[in-house]
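Student: Attaching a single structure in structure tokens format; questions to follow.
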């Protein structure tokens, strides 16, 4: 079980807050519930969301990732029903990691253990640890690689590059507290597929 605080800092705006956890796909069922799933929050108020595991099978030898969704729906102003207005609904989507107790290694240094390989014009990052590594930045020879995100535990991700990668790959990761790690670099040559 964990908690998340929801705060309405406005002086005059009432919102309906809807929250849920999903597995990343529309059809995914999550082994977590959020309570309360729906509530009203007045100006200056704070409410606590409780995220509770309800069961279901999750691997005990590595982390799992889910998504906490928090949607804030503004109230309609009933004093001016005929006025034109634009109302925006904001949905925040946060990564929610389930970390079984007793995992080997240190999640703070998992990003340092990433392994790099080249297959033609594809860069492959392999993660031998039981922890997700959330990339903040990824550069090949100083050029930013777009869409660098999560490297799954005991898994790998591939990035298609405009030219065959060779030289230096540099990355930074986001830690458990939202901080940015120091840069980690690897120099490599040759093609792992050769």
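Residue numbers (the numbering used here): 33 to 226.
Where a beta carbon is used, it is the ideal one built from N, C-alpha and C, also for glycine.
Treat the numbers as computed from the prediction; the structure is a model and nothing was measured.
#1: Going along the chain, which residues of its own chain have a beta-carbon closer than 6 Å to the beta-carbon of residue 43, five neighbours each way excluded?
#2: Sorted by chain position, which residues of the same chain lie with C-beta nearer than 6 Å to residue 64's C-beta, five sequence neighbours on each side aside?
#3: Could you give the first and the last residue of the continuous beta strand (DSSP E) run that contains residue 148?
#4: Express the C-alpha separation of residue 55 and residue 180 in angstroms, rounding to a whole number.
#5: Roughly how many whole angstroms lie between the Cα atoms of residue 77 and residue 211?
#6: Is the distance from the Cβ of residue 38 to the Cβ of residue 73 below 8 Å?
#7: What does the Cβ neighbour count give for residue 161, buried or exposed, with the cut at 16 atoms within 10 Å?
#8: How far does the beta strand (DSSP E) with residue 54 in it reach, from first residue to last?
#9: Which residue wins for smallest C-alpha separation from residue 90, given the options 69, 202, 119, 129?
#10: By Cβ distance below 6 Å, which residues in the same chain neighbour residue 135 in space, the five residues on each side in sequence not counted?
#11: Is the separation between the beta-carbon of residue 153 and that of residue 195 shorter than 8 Å?
#12: Closer than 6 Å by C-beta to residue 226: which residues in its own chain qualify, once you throw out the five before and the five after it? Chain order, please.
#13: Sort 165, 116, 124 by Cα distance to residue 141 and report the nearest one.
#14: On a Cα-Cα basis, can you pick out the residue from 201, 34, 107 that is closest to residue 71?
#15: Using DSSP with H/G/I as helix, E/B as strand and the rest coil, what is residue 143?
Tutor: According to the structure data:
#1: Correct list, in chain order: 75.
#2: A distance below 6 Å between beta-carbons, with the five flanking residues on each side excluded, links residue 64 to the following residues of its chain, in chain order: 53, 83, 85.
#3: For residue 148, the enclosing beta strand (DSSP E) covers residues 147-151.
#4: Taking the straight line from one Cα to the other gives about 19 Å.
#5: The alpha-carbon atoms of residue 77 and residue 211 are separated by roughly 28 Å.
#6: Yes, the pair counts as a contact, with Cβ atoms nearer than the cut-off.
#7: A buried status is given to residue 161, since no fewer than 16 other beta-carbon atoms sit within 10 Å of its beta-carbon.
#8: Annotation: the continuous beta strand (DSSP E) that includes residue 54 extends over 47-54.
#9: Distances from the alpha-carbon of residue 90 to those of 69, 202, 119, 129 put 129 closest.
#10: For residue 135, where only same-chain residues beyond five positions count, the Cβ hits under 6 Å are 162.
#11: Contact flag set, yes.
#12: For residue 226, the predicted model reports a pLDDT of 47, less than 50, meaning its position is unreliable and no value from the coordinates is stated.
#13: It is 165 whose Cα lies nearest to the Cα of residue 141.
#14: For the set 201, 34, 107, the Cα lying nearest the Cα of residue 71 is the one of 107.
#15: The three-state reading of DSSP puts residue 143 in helix, counting H, G and I together.
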